[in-house]
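Take 1 as the starting number for the sequence shown in the UniProt record's numbering and just add one per residue. All C-beta atoms, glycine included, are put in the ideal place defined by N, C-alpha and C. Note that the structure is predicted; figures quoted are calculated from it, not measured.
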Amino acid sequence: MVVVSLERKQAEQIIQAVGGATNIERVIHCVTRLRFYLVDPSKVDSPRLVAIDGVAGEAFNALLGQYQVVIGPGVHEVYEMVENVLQDATRELDAQPSASGVWQRVKQWVNGIKKDY
Numbered sequence: 001m002v003v004v005s006l007e008r009k010q011a012e013q014i015i016q017a018v019g020g021a022t023n024i025e026r027v028i029h030c031v032t033r034l035r036f037y038l039v040d041p042s043k044v045d046s047p048r049l050v051a052i053d054g055v056a057g058e059a060f061n062a063l064l065g066q067y068q069v070v071i072g073p074g075v076h077e078v079y080e081m082v083e084n085v086l087q088d089a090t091r092e093l094d095a096q097p098s099a100s101g102v103w104q105r106v107k108q109w110v111n112g113i114k115k116d117y
């Protein structure tokens, strides 16, 4: 049986609520908040986000371009889990062959055959 920590569960839910891993350009934190730089802030599901256990609120700072998720004093642990989840997502994406990568290999193979003739 796999036991998932509360912080990891929170991190996964927060990432989904802010639009998923591919919507996150960068994340940092301060004493009480996670601060996300997002590709598309309109993808944030605010009602879903504030319903997550441990999330005390949210705000968007247009001047800084930051979407802020208020956690409180336990933000560092949640931040570390967000980083871990994002790293896992990146590894999964890197492991999947992209359509363009497969297409490039096919083109190289075909071009290699043409050179032989």
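- One alpha carbon belongs to Asp45, the other to Leu34, and they sit about 16 Å apart.
- The beta carbon of Glu7 lies closer than 6 Å to those of Glu77, Val78, Met81 in the same chain, with the five residues before and after it left out.
- In the assembly as shown, Ile28 is an exposed residue. Its beta-carbon has fewer than 16 other beta-carbons within 10 Å.
- DSSP links His76 through a beta bridge to no other residue.
- Between Leu63 and Ile24, the CB-CB gap reaches or exceeds 9 Å.
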